[in-house]
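Reading through the structure tokens given below for one structure.
Residue numbers (the numbering used here): 38 to 159.
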């Protein structure tokens, strides 16, 4: 019997491994994007919670911006979404009139598109 592998056989094996790796990469990337969306929802939710604490500690329930929450140690880092974008903040809110509207622009980093993550929808 022949013991060695021909160049064609090796190339076929390498091609199959490449296809498998490509598939795994696409699936992993999709999961990673979904994880970022979940993380963004958590960040927006945490901001809402921090605003409740801010309102209890201050006369005015509306800070000038979300960075104030970091200054007052209500959140542990500067408020940005997983895509590195500033959160959109409106206080008092148009949708949440009792508190504030907080929006992450989502994966496309554009305001007012379908992938926005809005505090009043969580």
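From the three backbone atoms N, C-alpha and C, an ideal C-beta is built for every residue, glycine too. On a predicted model such as this, the values are computed, not experimentally measured, just so you know.
Discussion item. Can you tell me whether residue 94 is helix, strand or coil according to DSSP?
Written reply: helix
Worksheet item: Since residue 137 contacts residue 106 with CB under 8 Å, what's their CB separation in whole angstroms?
Response: Residue 137 to residue 106, Cβ: 11 Å. No contact.
Practice prompt. Assign residue 80 to one of three DSSP states: helix, strand, or coil.
Written response: helix
Practice prompt. Look at the Cβ atom of residue 155, then the Cβ atom of residue 148, and state whether they are nearer than 8 Å.
Written response: no
Fill in: C-alpha distance - residue 59 paired with residue 114, whole-angstrom precision
36 Å
Item to complete: Could you tell me the distance, in whole angstroms, from the CA atom of residue 56 to the CA atom of residue 42?
Response: 21 Å
Worksheet entry | Spatially closest choice to residue 71 from 51, 158, 152, by CA coordinates | 152
Discussion item. Between the alpha carbons of residue 133 and residue 51, how many angstroms are there, rounded?
Written reply: 56 Å
Worksheet item: How would you call residue 129, buried or exposed, if buried means at least 16 neighbouring beta carbons within 10 angstroms?
Response: exposed
Worksheet item: Taking the alpha-carbon positions, what's the residue 95 to residue 78 distance?
Response: 26 Å
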